[in-house]
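Convert by adding 465 to the 1-based position in the sequence shown; the result is the number in the numbering used here. A virtual CB, placed ideally from N, CA and C, is assigned to each residue, including glycine. Everything on this sheet refers to the single structure shown next.
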Amino acid sequence: MGSRKRRTVKPQRKTKTVEGKCPKCITIVRFNVSGPVGDEIYECKGCLTKYHVDEL
Ligand SMILES: [Zn+2]
Numbered sequence: 466m467g468s469r470k471r472r473t474v475k476p477q478r479k480t481k482t483v484e485g486k487c488p489k490c491i492t493i494v495r496f497n498v499s500g501p502v503g504d505e506i507y508e509c510k511g512c513l514t515k516y517h518v519d520e521l
C-alpha cells in the first residue's frame, strides 16, 4: 500500500510535426516544428533543412 504514484505528468517537450512540401525534397514530408508561435522553425525530416515559417 501507500504507493503514491499519481504523477502522470508528461514531459513538456512533445515534438510537433506537420506535413508539408519541402522545397528541397519536392515532395510531401514531415517537418519538426519548434520555436514560438508565429516564429516557428520547420525542420524537414528528409533533408534536415530548417526553414522559417515565412519561407514555406
Ligand atoms: Zn527536405
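**Report entry** CB contact flag (G485, L513, <8 Å)
**Finding:** The residue given as residue 485 occupies position 20 in the sequence shown. The residue given as residue 513 occupies position 48 in the sequence shown. Contact flag unset, no.
Query raised in the report: Any heavy atom of ligand 1 within a distance shorter than 7 Å of the CB on T482?
Result: Locating residue 482 in the sequence shown gives position 17, counting from the first residue. No, ligand 1 has no heavy atom inside 7 Å of this Cβ.
Query raised in the report: DSSP state of V483, grouped into three classes?
Result: The sequence position of residue 483 within the sequence shown is 18, counting from 1. Three-state DSSP puts V483 in a strand.
Query raised in the report: Among D504, G511, S499, D519, which one has its Cα closest to the Cα of K455?
Result: This structure does not reach residue 455, given that the chain is present from 466 up to 521, and the question cannot be answered.
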